[in-house]
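Numbering (our numbering), first residue to last: 4 to 540.
Glycine included, each C-beta is placed from N, C-alpha and C at the ideal position.
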């Protein structure tokens with residue numbers, strides 16, 4: 004009679020043999036292209052946020068940032084061809100194939116082949132919590148949204164963004180900083196750039212002006228102020244994605260997120276209803292009003308109330324969070340590089356002699372200012388990965404530093420991920436990629452194909468100009484009045500410049516719009532703590 008131990012051993016051997024067979028077939032399907040095998044990876048929550056780097060098990064919980072350009076320097080298998088291959092054994096029955104791409108030509112090939120490589124919309128479904136929107140749509144539905152949503156990001160809205168940013172910054176100086184000669188913020192992201200982005204998007208996206216000082220009175224029918232709801236909005240998606248409803252009901256902090264969800268929905272419904280009923284003849288240029296206006300003009304493609312809410316919430320969730328991060332890193336980099344800060348200050352002085360009322364028309368003259376933001380986005384892109392999925396068995400062209408190319412098999416269902424830090428830190432495209440050099444973007448021949456912080460192709464960020472206008476206006480107002488320096492702290496007295504740089508620019512990984520229960524597939528880099536001092540000029 005066979006013993007239980009022998010049966011168990013046979014079962015384990017059978018499982019291992021089956022796993023090895025599946026793995027062998029997967030490797031053969033891609034011609035044994037070099038890469039890594041991981042037990043946990045490719046969207047696995049445990050691997051991306053909990054486990055450290057363990058060979059053959061997980062890539063590490065901060066892999067995307069720590070790897071940076073290491074793959075391009077030959078420190079990772081498959082780097083020579085700009086396409087790391089990974090095989091993740093996410094179950095006993097199957098493996099998941101994936102490529103991490105750092106090759107600009109390959110990325111261009113993918114975005115121009117929409118029939119072969121699609122956006123994995125299932126990863127973005129949680130973004131539909133208020134209604135379908137342009138981010139989560141694909142195919143004809145996406146084209147319909149594009150037709151209605153694109154006109155909302157108009158010159159009228161850009162001017163509104165500029166004007167509202169000027170007002171927000173003016174109120175910051177007079178009401179919060181009270182025109183002090185020296186102002187210190189312990190956490191630039193939390194104390195400065197997040198509120199700036201929040202107040203601007205409140206006015207430019209919703210048409211609601213919000214004060215720097217806290218609002219204490221809720222409008223009739225509400226239990227939260229509009230400002231408080233917007234402050235909580237970045238966490239609404241994550242909480243609803245990760246925690247089941249019964250848990251949210253039991254935990255007060257999570258229950259508060261459900262209340263914020265309901266409150267924001269009610270506020271948006273009220274704003275939409277007011278726009279439809281408005282007959283005062285006054286033109287409004289905020290995104291929500293323009294969405295309603297353009298939707299009303301195009302009856303054949305008009306948006307439902309839920310779709311207006313879904314797209315407006317998308318602008319809120321995707322816009323102010325990433326803008327705040329970029330502003331924070333830009334201020335930190337200028338504080339670390341005072342010589343670059345002085346160049347930008349002189350440009351602003353030359354282009355805008357009267358900084359009390361800067362003109363929107365001065366933007367084309369502020370090329371160095373925009374170069375600072377481009378360099379910041381190169382070094383600290385808000386969204387570090389862009390996922391695609393193969394819709395059919397196909398091949399992808401990869402290349403090495405010598406200019407040689409090869410065809411890499413891509414079976415149907417393979418995840419192909421654009422590695423934004425990998426390409427932004429690649430010596431193949433950028434000289435001295437670790438250095439902060441805004442002037443590289445003044446060269447007419449800078450490598451545009453290797454700069455993808457706003458994604459690339461027909462699905463690139465629709466709000467890019469919104470961000471650029473807000474960012475430039477913020478920099479104009481701030482640098483024309485204050486010099487940015489690193490806060491001096493006794494704890495770090497005696498540190499070298501390199502040590503200070505590492506501390507100030509330290510990053511961690513955070514979740515963003517596509518957080519989901521099964522894993523976080525799109526993430527951003529969050530500044531840990533950036534303490535700054537602003538000295539009046």
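Over the uninterrupted alpha helix (DSSP H) stretch that includes residue 381, give me the two end residues.
-> Element bounds for residue 381: 370-382.
Mind pulling the alpha helix (DSSP H) runs of 4 or more residues that sit fully within the region 385-465?
-> 423-427
Where residue 414 and residue 146 are concerned, what is the direct C-alpha to C-alpha distance, given to the nearest angstrom?
-> 28 Å
Could you name the residues of the same chain whose beta carbon sits closer than 8 Å to that of residue 86, not counting the 5 residues immediately before and after it, in chain order?
-> Confidence at residue 86 is low in this model, with a pLDDT of 48, below 50, so the placement of that residue should be treated as unreliable; the coordinate-derived value is given next. The answer, listed in chain order, is 36, 102, 103, 104, 105, 106, 109, 399, 401, 411.
Alpha carbon to alpha carbon, how far is residue 126 from residue 139?
-> 9 Å
At what residues does the alpha helix (DSSP H) containing residue 351 begin and finish?
-> 341-354
What number of angstroms, rounded off, separates the C-alpha of residue 181 from the C-alpha of residue 485?
-> 13 Å
Which listed residue (169, 122, 56, 24) has its alpha carbon closest to that of residue 472 = 169
Check residue 61 in the structure and name its three-state DSSP category.
-> Assignment of residue 61 by DSSP, reduced to helix, strand and coil, places it in the strand class.
Measure the alpha-carbon distance for residue 350 versus residue 487 and round it to whole angstroms.
-> 16 Å
Rounded straight-line distance, which links the Cα of residue 252 to that of residue 389 = 34 Å
Classification of residue 279 by the beta-carbon crowding that lies within 10 angstroms, buried from 16 upward = exposed
Taking only the alpha-carbon atoms, compute the straight-line gap between residue 256 and residue 201 and give it to the nearest angstrom.
-> 21 Å
Burial state of residue 263 (16 or more Cβ within 10 Å) = buried
Ignore the nearest five residues each way along the sequence and tell me which others in residue 114's own chain have a CB closer than 6 Å to its CB.
-> 459, 460
Rounded C-alpha distance that separates residue 435 from residue 507 | The alpha-carbon separation between residue 435 and residue 507 amounts to approximately 20 Å.
Spell out the partners DSSP gives residue 254 in its beta bridges.
-> DSSP, once it has assigned bridges, lists no residue as partnering residue 254.
Bridge partner(s) assigned by DSSP for residue 1 = What the structure shows of the chain is the stretch from 4 to 540, and residue 1 is not part of that stretch, so it cannot be assessed.
Local Cβ density within 10 Å of residue 469, reported as buried at 16 or more and exposed below that = buried
Cut-off 8 Å between Cβ atoms - residues of its own chain near residue 11, not counting five sequence neighbours on either side = none
Going by alpha carbons, who is nearest to residue 160 out of 428, 207, 178, 376?
-> For residue 160, the closest of 428, 207, 178, 376 by C-alpha to C-alpha distance is 207.
Simplified DSSP assignment, three categories, for residue 326 = helix
In the DSSP assignment, what are the bridge partners of residue 187?
-> 536
What number of angstroms, rounded off, separates the C-alpha of residue 313 from the C-alpha of residue 296?
-> 16 Å
Determine which residues share a DSSP beta bridge with residue 120 and list them.
-> 393
Provide the residue span of the alpha helix (DSSP H) that contains residue 167, from first to last.
-> 158-174
Determine the extent of the alpha helix (DSSP H) in which residue 110 is found, giving its start and end residues.
-> 107-114
Contacts around residue 294, its chain only, beta-carbon distance under 8 Å, and the 5 residues preceding and following it disregarded = 151, 152, 155, 306, 311, 314, 315
Per DSSP, residue 510 forms a beta bridge with which residues?
-> 530
So residue 382 and residue 475 are in contact, right, with Cβ under 8 Å, and what is the actual spacing, rounded?
-> By a beta-carbon distance limit of 8 Å, residue 382 does not contact residue 475. Their separation comes to about 18 Å.
Under the three-state DSSP convention, the category residue 138 falls into | In the structure shown, residue 138 sits in coil (DSSP, three-state: anything other than H, G, I, E or B).
Classify residue 31 as helix, strand or coil using the three-state DSSP reduction.
-> helix
Length-filtered (4 minimum) alpha helix (DSSP H) runs lying within the region 211-254 = 229-245, 248-253
Report, in whole angstroms, the separation of the C-beta atoms of residue 534 and residue 124, which I expect to be a contact under 8 Å.
-> So it is not a contact: roughly 40 Å between Cβ atoms.
To the nearest angstrom, report how far apart residue 330 and residue 148 are at their CA atoms.
-> 29 Å
Could you tell me the distance, in whole angstroms, from the CA atom of residue 519 to the CA atom of residue 142?
-> Here the model assigns residue 519 a pLDDT of 32, short of 50, so the residue's position is not dependable and the matter cannot be decided.
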